[in-house]
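In our numbering, the protein residues as written are 16 to 148.
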């Protein structure tokens, strides 16, 4: 499954999100997220949180993209998402990622977030999973 709008929006949001704490994303980002359908908004907010956490907590990692559905569709509920087949890009390389995220729907604040960084995705698998340079 490829979601070009999601990727474009996430790219735009990622620049803003790195300078902001996870509990206080920029009002402009919130406004843009609120224009999305609820499921898409949830996924984008959680992808932003994943980038922030990885950048802060994983030495040497500077993610600029997260895709929640690269290796399988995420499990989505009203206020949570479990993305077992996610990936993120850092320094031009893609890495497997699993995360669980719960948000407060009215504010898009993060209630709970857990993640695990996996192995590097071999470049030979990029095209199959719509990953790019």
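Beta carbons are placed, not taken as given, at the ideal position from N, Cα and C, and that holds for glycine.
Own chain partners of residue 132 with C-beta closer than 7 Å, once the 5 adjacent residues on each side are dropped: Numbered from its first residue, the chain shown carries residue 132 at position 117. Excluding positions up to five away in sequence, the list reads 69, 73, 110, 112.
Extent of the continuous beta strand (DSSP E) run through residue 108: Taking the first residue of the chain shown as position 1, residue 108 is located at position 93. Per DSSP, residue 108 belongs to the beta strand (DSSP E) from 108-119.
Close-in-space but distant-in-sequence residues of the same chain around residue 108 (CB under 7 Å, 5 per side omitted): Residue 108 sits at position 93 when you count from the first residue of the chain shown. 135, listed in sequence order.
Assigned secondary structure, residue 49 (DSSP; H/G/I helix, E/B strand, else coil): As a first step, residue 49 must be located in the chain shown, where it is residue number 34. Looking at residue 49 - three-state DSSP - the assignment turns out to be coil, as it is neither helix nor strand.
Beta-carbon contacts of residue 64 that lie in its chain and below 7 Å, excluding the five residues immediately before and after: Translated into the one-based positions of the chain shown, residue 64 becomes position 49. The residues are 37, 116, 125, 128.
Burial state of residue 147 (16 or more Cβ within 10 Å): Walking along the chain shown from the start, residue 147 turns up at place 132. Residue 147 counts as exposed, since fewer than 16 other beta carbons sit within 10 angstroms of its beta carbon.
Identity of the residues DSSP links to residue 91 by a beta bridge: One-based indexing of the chain shown puts residue 91 at position 76. Bridge partners of residue 91: 96.
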